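Adding 1428 to a residue's 1-based position in the sequence shown gives its number in the numbering used here. Where is the CB? At the ideal position from N, CA and C, for every residue including glycine. These numbers come from a predicted model, not from an experiment. Some notes on the structure that comes next.
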Amino acid sequence: AMAEHDGPTIGIIESLAASAAAVAVLGTQKIQMNANATFMVHESIGAVAGHAWEIRELLQWIDRLDGAIAETIADKTGLPLATVVNHLKGNGDGTVFNASEALQAGYVHEIIGKKEPSKSRPKRNEVDEQRFRAMAVRNWMLKNRR
């Protein structure tokens, strides 16, 4: 649907585009990815219980789906099909890319949201502060119980 949209389309990966979301974002004309986001592709996953024919049927379906996904990614990115298949396989569970790696591999067009590293130490957020205080109270109670 995104690939066939008449107007311009931009996919923005804000935090994580993995699995089907990684393939879906490739339907846009331009893909932007936050500097601290993650992109992941992998082979299809399925589960089946039943007779041997049902297991064989699922394996055939997964093989066809993986072939279609690999061809779609190769067509969109211009990457060789063999490279895409290797990315889908990874070390057995696909390949995870940070923003720089996704840009270099050809999955995204632009990295956005780059920020200069902070020179001051970041402050604890509210949840961390609450956890810290709860741990301090717990430790005090354990130490001072009678």
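Query, Result
"Other residues of its chain near Gly1534: CB distance less than 7 Å, five sequence neighbours each side excluded", "Thr1505, Gly1506 and Leu1507"
"Leu1444, enclosing beta strand (DSSP E) - first and last residue", "Leu1444 to Ala1446"
"8 Å Cβ shell around Ala1498 - same chain, five flanking residues per side excluded", "Leu1509, Val1512, Val1513 and Leu1516"
"Candidates Ala1496, Ala1475, Gln1460 and Gly1495: closest to Leu1486 by CA position", "Ala1475"
"Same chain, Cβ closer than 6 Å to Ile1501, neighbours up to 5 away in sequence not counted", "Val1512"
"Straight-line gap, Gly1478 to Gly1495 (C-alpha atoms, nearest Å)", "25 Å"
"Contacts around Leu1454, its chain only, beta-carbon distance under 6 Å, and the 5 residues preceding and following it disregarded", "Lys1504"
"Beta bridge counterpart(s) of Asn1519 as assigned by DSSP", "The partner list for Asn1519 (beta bridge, DSSP) is empty, contrary to what the question assumes."
"Of the listed residues Ile1440, Asn1462 and Gln1457, nearest to Ala1527 (C-alpha basis)", "Asn1462"
"Residues that Met1394 bridges to, as DSSP identifies them", "Residue 1394 lies beyond the range of the chain shown here (1429 to 1574); nothing can be said about it."
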